[in-house]
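Novice: Here's a structure for you.
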Amino acid sequence: MWLNGCVAVLMPISFPPRSQSCVGHKGVTEAWELLHPSCYLHQTRALHAEGALKAGQQLQRGSSTGAVCSVCMLQVGLSLPHAPEGAARAFPAELDGDGGDGSSTEQVLLSSSPITVVVTPEDDSWHISGSCAGNGQFVDWDQMPEVEQQADPPEDTLSRPLKELKKLAREGCWATSRTLRAAAYQQLCQRVACRLVTPDALVYGDVAMRLFGKHSSSSHPLPDFLGGCPLPTYCLNMDGVVALKKILICIGNLFPDITYSPALPSLVALLLHYSEDEAQCFENISRLIASNAPHTSYIDQSFLAHQASCMTFGDLANKHCQAAHKLIASVSENVFEVYSEWLSWLFRDLPFSYAIRVFDVFLLEGQKVLYRIALALLKQYRLSVSSAEQEGTDTKAELQAFVQNIAQHITVDKLLERAFGIRLFSRKEIWLLQMANRKALMERGITMVQGRQSFHLAVDMQSFSSSIVSAQEMRIIWSWIPERFSLFPPLLLFTTSEDGYSLQRFYSCCEGYEPTVLLLKTTEGEVCGAFLSSDWSERKKNGLTSGFFGTGECFVFTVRPEMERYEWVFIKKPELAKAMPRSRQRSPSPIPTPLLSSSPHSRSASPNLLTVPAPQRKGRLSPFLAIRHFLLPSKTASMFMSGSRDGIVIGGGGGQALSLDANLLWGRTEPCETFDNPPLCQENFKVQLLEVWGFQNT
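To convert a position in the sequence shown, counted from 1, into my numbering, add 652.
Laid out in structure tokens, this is it:
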């Protein structure tokens, strides 16, 4: 900064300036912006410039003790050196002089008058660790299970394409070198697209000085967003634990919108292992918090977001871990409470050597990879226990103990291999599901920290009454339903025992409700049904032409003689949806539909000719598992539900999973491509009872 031929340079205590070049003939404001580029604390750089000007004026008057910026209280000293004239050089990359009193000095020649800039730290007990110590300074090496092998990775490892980096991270390449992993973490965090105003290392220095001063972090309460959860230390030493607390307190100060984030301490602790100092760790975790990449999330920051993530995991477990889900639902009173711990399995219960490998891929691939690994843990848990062993046990505690002792069951390499073998839907699809779950929670009024009613409690054993299924059978059906709907108790909309065998009455009672559950009992005593994701009024959008509608959340099921569910074929085989070239991604033209007759023996020989719905109009949020999101190789594999004045059809392609005539009296069931199901009961059947259930408050 130039002040009448004299130069004063201000910089944050213990941090090298971001600008490595000469300040030159810039005004006060521009000079301060170069040396203090991030000014989140004071909201505007103009305040700093004004404070710097006052400090410079003190120096110009000959103050022997230095000056202080009136805004951020950074101390600056000045002395005249005895350097030979003309020995001009650039602004130093680091302050490498070391005085006996701990002050740093450096000579700089700007114009004809060389000066020495002295940065004098305050004499306090709170110290911001410097970068000279290198990563690993916060680690208690005696507690570490094993030290990474110090191999020499190829120099171009981190410059490889993203696809190759993902492969290397999944295979554990970074685990072979502590230096490589530290460099990878730094590079990946800096690549995260985040909000324009995101606190960085310099801001951390400012805020830490203001918050702590001469006081230790123990005198400050931890942020409320921890939700009272214990701090995971992950083999950090005492300095590391103190640094962890300081960073969390600063996050709470700079990110007031974070109201609930129990996983955040674990992520900070893991980053500290491979950070040069606290400030670098803070800057990197801030970028993850402030990420604004589309359909990508790293850290849940509210109770609503956390609950929606837990519900999303429950939905994914319901689809991809059916055996484990069935076991947990059979022995646990509150399945959602079990699934609500899924993030804690990864970033609290897993041993460090497993958690850090999870963190490797998490930085590259975001939250979707966490769902994969948690599902793999759930699958492994099912393989390791039996139904008999689970009777009368606390499933939540059993799962926690299982994850803590995971090394006895599977290696970390095998766990990741199985995780990436699970064929999840796209990041966008999962995001749509999370948004749908958030909406359901908001409609239910669950936005603050509170308990959530599980589907078991939604189906009340005392008050529930059906002529087709028992309360216990309905509870199992409710456990198959997407989480956002199982929040609500069942509501009877239509029953043939009271409303009669009338298709028009069926439509009038069910229209306006979405989704619905159809239950059917045959005269032979067999019971089957379907979960239907869309409102029956959707049938009217096709005019006189009958067409299929609905989404991939639809499924059909049997209750008696055995309980079994058959979901959309692409849930179990999502790779099929990627076989079609993008050029063919369009909705088929409407095709005339044959009428359904009232006799089960006169069904059309070509039940596949119903149309697939046209694209939804722009501007409306696309639903989860809508067929427009997929490159489908065959239109016959996305026929979910259809209705006309001649009857209703559920499932199509090669046959109809379930079809009923206009009198709701005769029906037929066949294998179909949409659900890849066998006949749900005797192929041609007569209806004894039919019920349709909706969801209260939906």
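All residues carry an ideal CB built from backbone N, CA and C; glycine is no exception.
Consult DSSP for GLU1190 and reduce its assignment to one of helix, strand or coil.
Specialist: The residue you call residue 1190 lines up with position 538 of the sequence shown. Looking at GLU1190 - three-state DSSP - the assignment turns out to be helix.
Novice: If you reduce the DSSP assignment to three classes, tell me which class ALA921 lands in.
Specialist: Your numbering for residue 921 matches position 269 in the sequence shown. Three-state DSSP puts ALA921 in a helix.
Novice: Over what stretch of residues does the alpha helix (DSSP H) that includes ARG1024 continue unbroken?
Specialist: In the sequence shown, the residue the question calls residue 1024 occupies position 372. Its alpha helix (DSSP H) spans residues 1019-1036.
Novice: Could you work out which residue in PHE1327, HIS1061 and GLU1176 is closest to LEU1184 when comparing CA atoms only?
Specialist: If you number the sequence shown from 1, residue 1184 lands on position 532. The option with the nearest alpha carbon to LEU1184 is PHE1327.
Novice: Taking three-plus beta-carbon pairs below 8 Å as touching, is the segment 887-900 in contact with the segment 965-982?
Specialist: The segment 887-900 is not in contact with the segment 965-982.
Novice: Under 7 Å, do ARG1079 and HIS958 count as touching if we go by C-beta distance?
Specialist: On the sequence shown, position 427 is the one that residue 1079 refers to. On the sequence shown, position 306 is the one that residue 958 refers to. Going by C-beta atoms, ARG1079 is not nearer than 7 Å to HIS958.
Novice: For a quick check, are the C-beta atoms of CYS841 and ARG939 less than 7 Å apart?
Specialist: Locating residue 841 in the sequence shown gives position 189, where the first residue counts as 1. Locating residue 939 in the sequence shown gives position 287, where the first residue counts as 1. Result yes, Cβ atoms of CYS841 and ARG939 sit closer than 7 Å.
Novice: Closer than 8 Å by C-beta to CYS933: which residues in its own chain qualify, once you throw out the five before and the five after it? Chain order, please.
Specialist: Walking along the sequence shown from the start, residue 933 turns up at place 281. Excluding residues within five positions, the ones whose Cβ falls inside 8 Å are ALA895, ILE899, VAL920, LEU923, LEU924 and SER927.
Novice: For PHE864 and GLU1166, what's the separation of their Cα atoms in angstroms?
Specialist: If you number the sequence shown from 1, residue 864 lands on position 212. If you number the sequence shown from 1, residue 1166 lands on position 514. When rounded, the distance between both Cα atoms is 54 Å.
Novice: Is GLU1325 near GLN1308, with beta carbons less than 7 Å apart?
Specialist: Within the sequence shown, numbered from 1, the residue matching residue 1325 stands at position 673. Within the sequence shown, numbered from 1, the residue matching residue 1308 stands at position 656. Against a cut-off of 7 Å, the Cβ pair of GLN1308 and GLU1325 comes out as no contact.
Novice: Near ASP1065, which residues of its chain fall below 7 Å by C-beta distance, leaving aside the five closest residues on each side in sequence?
Specialist: For the purposes of this step, residue 1065 is identified with residue 413 of the sequence shown, where counting begins at 1. Only GLY824 meet the Cβ criterion.
Novice: Would you list the residues sitting across from ASP1313 in a DSSP beta bridge?
Specialist: Residue mapping note: residue 1313 aligns to position 661 of the sequence shown, counting from 1. Partner(s): GLY1299.
Novice: Thinking just about the alpha-carbon of each residue, which of LEU1139, ASP1187, PRO1134 and THR809 is nearest to the one in SER1160?
Specialist: Taking the first residue of the sequence shown as 1, we reach residue 1160 at position 508. Comparing Cα positions, the closest option is ASP1187.
Novice: Would the segment 1018-1027 count as touching the segment 948-957 if we require 3 or more Cβ pairs under 8 Å?
Specialist: Enough Cβ pairs lie closer than 8 Å, so yes.
Novice: Pick out whichever of LEU1022, ASP1046, CYS1180 and LEU1051 has its Cα sitting closest to the Cα of LEU1035.
Specialist: By 1-based counting over the sequence shown, the position of residue 1035 is 383. Per the Cα distances, LEU1051.
Novice: Would you mind reading off the limits of the beta strand (DSSP E) that contains ASN1336?
Specialist: Stepping through the sequence shown from its first residue, residue 1336 is reached at position 684. Here the beta strand (DSSP E) through ASN1336 covers 1336-1347.
Novice: Comparing alpha-carbon positions, which option in VAL1339, ALA945, ALA931 and ASP876 lies nearest LEU916?
Specialist: Position 264 of the sequence shown, counted from the start, is the residue given in the question as residue 916. Here the closest residue by C-alpha is ASP876.
Novice: Please state if the CB of ILE1120 and the CB of VAL1179 are separated by a distance shorter than 7 Å.
Specialist: The count along the sequence shown starts at 1 and reaches residue 1179 at position 527. The count along the sequence shown starts at 1 and reaches residue 1120 at position 468. Yes.
Novice: Going by Cα to Cα distance, which pick from ALA1007, ALA969, LEU1027 and PHE1201 is closest to TRP1132?
Specialist: Translated into positions along the sequence shown, residue 1132 becomes position 480. If we check each option's Cα against that of TRP1132, ALA969 comes out closest.
Novice: Can you round the beta-carbon distance between GLU651 and PHE1146 to whole angstroms, since I take them to be within the 8 Å contact cut?
Specialist: The first residue shown for the chain is 653 and the last is 1350, placing residue 651 beyond what the model contains.
Novice: Which stretch, first to last residue, makes up the alpha helix (DSSP H) that contains ARG1075?
Specialist: Start at 1 with the first residue of the sequence shown, and residue 1075 comes out as number 423. No alpha helix (DSSP H) holds ARG1075; DSSP gives it neither H nor E.
Novice: Excluding the five sequence neighbours on either side, which residues of its own chain have a C-beta within less than 7 Å of the C-beta of THR964, listed in chain order?
Specialist: Reading the sequence shown from its first residue, position 312 is the one you call residue 964. These residues qualify, in order along the chain: ILE1082, LEU1085, GLN1086 and ASN1089.
Novice: Using the beta-carbon count (16 or more within 10 Å), is ASN1349 buried or exposed?
Specialist: To locate residue 1349, count along the sequence shown from 1; it is residue 697. It counts as exposed.
Novice: Would you check if the distance between the CB atom of GLN1334 and the CB atom of GLU1135 is smaller than 7 Å?
Specialist: Position 682 of the sequence shown, counting from 1, holds the residue named residue 1334. Position 483 of the sequence shown, counting from 1, holds the residue named residue 1135. No, they are not a contact pair.
Novice: Near SER913, what residues of its chain come up, given a Cβ to Cβ distance below 7 Å and the 5 sequence neighbours on each side ignored?
Specialist: Position 261 of the sequence shown, counted from the first residue, corresponds to residue 913. Closer than 7 Å at the Cβ level, and outside the excluded window around SER913, lie PHE877, ILE951, ASP952 and GLN953.
Novice: Could you give the C-beta distance for ALA1028 and LEU1076, rounded to a whole number, given that I count them as a contact under 8 Å?
Specialist: Within the sequence shown, numbered from 1, the residue matching residue 1028 stands at position 376. Within the sequence shown, numbered from 1, the residue matching residue 1076 stands at position 424. Actually they do not touch by this definition, with Cβ atoms about 11 Å apart.
Novice: Thinking C-alpha only, which one of PHE1207, ASN1315 and TRP826 is nearest TYR837?
Specialist: Your numbering for residue 837 matches position 185 in the sequence shown. The candidate whose alpha carbon is nearest that of TYR837 is TRP826.
Novice: For GLU989, which three-state DSSP category applies?
Specialist: As a position in the sequence shown, residue 989 is number 337, starting the count at 1. Here GLU989 sits in helix by DSSP.
Novice: Work out the CA separation of GLY880 and MET1094 for me, nearest whole Å.
Specialist: Position 442 of the sequence shown, counted from the start, is the residue given in the question as residue 1094. Position 228 of the sequence shown, counted from the start, is the residue given in the question as residue 880. Whole-angstrom Cα-Cα distance: 24 Å.
Novice: Going by the DSSP bridge assignment, what does PRO1142 pair with across the sheet?
Specialist: Position 490 of the sequence shown, counted from the first residue, corresponds to residue 1142. PHE1347, per the DSSP bridge assignment.
Novice: If you compare alpha carbons, which of ILE1128, THR1045, ASP929 and MET1291 is closest to VAL893?
Specialist: Position 241 of the sequence shown holds residue 893. Minimum Cα distance to VAL893 is reached at ASP929.
Novice: Can you tell me which of the three DSSP states CYS1206 falls into?
Specialist: For the purposes of this step, residue 1206 is identified with residue 554 of the sequence shown, where counting begins at 1. If DSSP states are grouped into helix, strand and coil, CYS1206 belongs with coil.
Novice: Taking the alpha carbon of LYS819 as the reference point, which residue from PHE907, ALA1059, GLU1069 and TRP997 has its own alpha carbon closest?
Specialist: Numbered from 1 along the sequence shown, position 167 holds the residue referred to as residue 819. Measuring from the Cα of LYS819, the nearest candidate turns out to be GLU1069.
Novice: Which one or two residues does DSSP pair with MET1293 in a beta bridge?
Specialist: Here residue 1293 refers to the residue found at position 641 when the sequence shown is read from its first residue. Looking at the DSSP assignment, MET1293 forms a beta bridge with PHE1201 and ILE1302.
Novice: Among the candidates LEU854, LEU998 and LEU1030, whose CA atom is the shortest distance from the CA of LEU1022?
Specialist: Numbered from its first residue, the sequence shown carries residue 1022 at position 370. Nearest of LEU854, LEU998 and LEU1030 to LEU1022, Cα basis: LEU998.
Novice: Can you name the start and end residues of the alpha helix (DSSP H) that LEU1155 belongs to?
Specialist: Position 503 of the sequence shown, counted from the start, is the residue given in the question as residue 1155. Per DSSP, LEU1155 belongs to the alpha helix (DSSP H) from 1155-1162.
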